[in-house]
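Residue numbers (my numbering), protein chains in the order written: chain A, 2 to 267; chain B, 51 to 322.
Take a look at the structure set out below.
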């Protein structure tokens, strides 16, 4: 039997020794981690920790100075065009065109992703995300919660195998945020998609993520399953762990953090 | 779930998607459509009346009907092709949608072609009514120029796209701080490219600069046609040779600026 092709790997994302500097600022400093297919991984860190730069490099928008990124077994940014058809992205900091209706937006993005049987797919998403009441309204006239639902529908148009989410519930009320998390859980369960989630909302990370990578000053400060991190740091919640990492404090009896790169090299 | 990688070569479907996006924008926003017609009409009325006045007092201009209006119409083809190209791109910055596009499978080459197509659509919406209005108002039928008109048109549109391409490259690299270039850069060319007067009018120092612009050959060609009633193929050839050179240079500059934006991370920071 021939060896399985590289593209058939069980890893959705493989990052090796990734580094990026802007002038004298080392934004990402030699990080390595892997995200197995079908899992949800949280990318945590304070402002300036390197999350956005890492996501930018994962989408091929920023060229790394060193290191490599493989997504679904293919090189990013070398095979960017092929990969982006199988990925998608959602962030409250990126808008849909305001003067197009929700339906027009979904049609345009569906065509960009060359979604087969687009009309049926849009109908399916309109039903799934409860968009019917405002599907013919201009995107600029939607509430924050409605915009998030539309953005998420757009992000799932092409049934992505890898979904990158940048603070998907930022500025949403608790009810809408909970609804969004529920939809993400459903999508992952139904499709086996891989999700990389950058978030400052620790309860959200604890609920959604199988694994967490904590960044600080461009380096991986620690990583592990949320429950393991909470146990190792001797804390009650992931939020307290985050604060320990950010402030360099430790609870009485806490275990030492996992050395950087250890898990990636294991 | 999609597991196979589909062919991702140059895609006319994605170009069609972007053209549809801009068409929806125009059809959903009547002020945008009105604005496309408004400025060419105002310009044409102003220069048309200037031409009428001058022609009444000068046998030269009386014998060269349409010199101003023709120059103006062709200038507007140049200006609107550049602005149509750059403004369509600016719409993505204004609506904070560029991130969605840059993280989609849309290739830069497909994006560029879609901007070209939409600039032609905007040009047609803005210019066609004006050309027909010039016939009864000023007795100038630009369509009577026939084949040379098509050649003039193509020469100017390609030059407009070249400048538009450099402008969006700068916007990608510098962000919205460079927005003013989309409005103003073309006006830097206006006095040098000799829209309304021959190159010989310029100081001798500026004349080589004028002849380095493909658009100058078009406007000289228009004057040769209207004043001497001759088609100057040498001028048309010069225009297209320089157009080709300019366009290739603009593509190179655009891709270099895009690569530079990827290195510096400015694609993620498209604010001011």
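We put the CB at the ideal spot given by N, CA and C, even for glycine.
Residue i (DSSP reduced to helix, strand or coil)
i                     : result
residue 336 (chain B) : Absent from the model: residue 336 (chain B). The displayed extent of chain B is 51 to 322, so no value can be given.
residue 168 (chain B) : helix
residue 185 (chain B) : helix
residue 89 (chain A)  : strand
residue 63 (chain B)  : helix
residue 17 (chain A)  : strand
residue 245 (chain A) : helix
residue 105 (chain B) : helix
residue 75 (chain A)  : strand
residue 70 (chain A)  : strand
residue 116 (chain A) : coil
residue 167 (chain A) : strand
residue 251 (chain A) : coil
residue 270 (chain A) : No information on residue 270 (chain A) is available, as it lies outside the stretch 2 to 267 that chain A covers here.
residue 102 (chain A) : strand
residue 256 (chain B) : coil
residue 64 (chain A)  : coil
residue 173 (chain A) : coil
Residue-level contact to chain A via CB, residue i, 8 Å cutoff
i                     : result
residue 315 (chain B) : yes
residue 66 (chain B)  : yes
residue 75 (chain B)  : yes
residue 63 (chain B)  : yes
residue 191 (chain B) : no
residue 79 (chain B)  : yes
residue 312 (chain B) : yes
residue 308 (chain B) : no
residue 86 (chain B)  : no
Test: residue i CB closer than 8 Å to a CB of chain B
i                     : result
residue 14 (chain A)  : no
residue 123 (chain A) : no
residue 49 (chain A)  : no
residue 11 (chain A)  : no
residue 201 (chain A) : no
residue 72 (chain A)  : no
residue 112 (chain A) : yes
residue 241 (chain A) : no
residue 52 (chain A)  : no
Boundaries (first-last residue) of the beta strand (DSSP E) holding residue i
i                     : result
residue 31 (chain A)  : 26-37
residue 139 (chain A) : Neither: residue 139 (chain A) is in no beta strand (DSSP E) and is coded neither H nor E.
residue 224 (chain A) : 220-225
residue 79 (chain B)  : From DSSP, residue 79 (chain B) is part of no beta strand (DSSP E); its letter is neither H nor E.
residue 41 (chain A)  : 41-45
residue 126 (chain B) : Unbroken run through residue 126 (chain B) is the alpha helix (DSSP H), 117-144; no beta strand (DSSP E).
residue 216 (chain A) : 212-217
residue 238 (chain B) : Premise fails: residue 238 (chain B) lies in the alpha helix (DSSP H), 229-239, not in any beta strand (DSSP E).
Boundaries of the alpha helix (DSSP H) in which residue i is found, first to last residue
i                     : result
residue 268 (chain B) : 264-277
residue 310 (chain B) : 283-314
residue 195 (chain A) : That residue, residue 195 (chain A), is in no alpha helix (DSSP H); its beta strand (DSSP E) goes 195-199.
residue 198 (chain B) : 197-224
residue 54 (chain A)  : 52-59
residue 150 (chain B) : 148-152
residue 247 (chain B) : Note, residue 247 (chain B): premise wrong, no alpha helix (DSSP H); not H, not E.
residue 133 (chain A) : It is not in any alpha helix (DSSP H) - residue 133 (chain A) carries neither H nor E in the DSSP assignment.
residue 237 (chain A) : From DSSP, residue 237 (chain A) is part of no alpha helix (DSSP H); its letter is neither H nor E.
residue 149 (chain A) : 145-157
7 Å CB neighbourhood of residue i in its chain, flanking five on each side removed
i                     : result
residue 90 (chain A)  : 60, 156 and 165
residue 257 (chain B) : 249
residue 322 (chain B) : Confidence at residue 322 (chain B) is low in this model, with a pLDDT of 45, below 50, so its placement is unreliable and the value that follows should be read with caution. Only 225, 226 and 227 meet the Cβ criterion.
residue 192 (chain B) : 120, 123, 181, 184 and 199
residue 203 (chain A) : 238, 239, 240 and 243
residue 55 (chain B)  : Low per-residue confidence applies at residue 55 (chain B): pLDDT is 43, beneath 50, and the placement is therefore not dependable, though the value from the model is reported in the following sentence. Excluding sequence neighbours, residue 55 (chain B) sits near nothing in its chain.
residue 3 (chain A)   : With a pLDDT of 45 at residue 3 (chain A), under the threshold of 50, the modelled position of this residue cannot be trusted; read the value that follows with caution. Taken in chain order, the list of residues that qualify is empty.
Cβ-based neighbour list, residue i, same chain, cut-off 8 Å, excluding 5 preceding and 5 following
i                    : result
residue 51 (chain B) : Because residue 51 (chain B) sits at a pLDDT of 45, beneath the cut-off of 50, its placement in the model cannot be relied upon, and the point is left open.
residue 60 (chain B) : 157, 159 and 160
Chain-order list of residues whose beta-carbon lies under 6 Å from that of residue i (same chain, five-residue window excluded)
i                     : result
residue 133 (chain B) : none
Note to self: Any C-beta of chain A within less than 9 Å: which residues of the region 135-157 of chain B qualify?
What the structure shows: If the cut-off is 9 Å between Cβ atoms, the region 135-157 of chain B has 141, 142, 144, 145, 146, 147, 148, 149, 150, 151, 152, 153, 154, 155, 156 and 157 near chain A.
Item checked: Where the region 24-37 of chain A meets chain B: residues whose CB sits under 7 Å from a CB there -> Within the region 24-37 of chain A, no residue has a Cβ that lies closer than 7 Å to any Cβ of chain B.
Check: Got a sec: which bits of the region 92-108 of chain A sit with their beta carbon under 9 Å from any beta carbon on chain B, in order along the chain?
Finding: Listed in sequence order: 92, 94, 95, 96, 97, 98, 99, 100, 101, 102, 105, 106 and 108.
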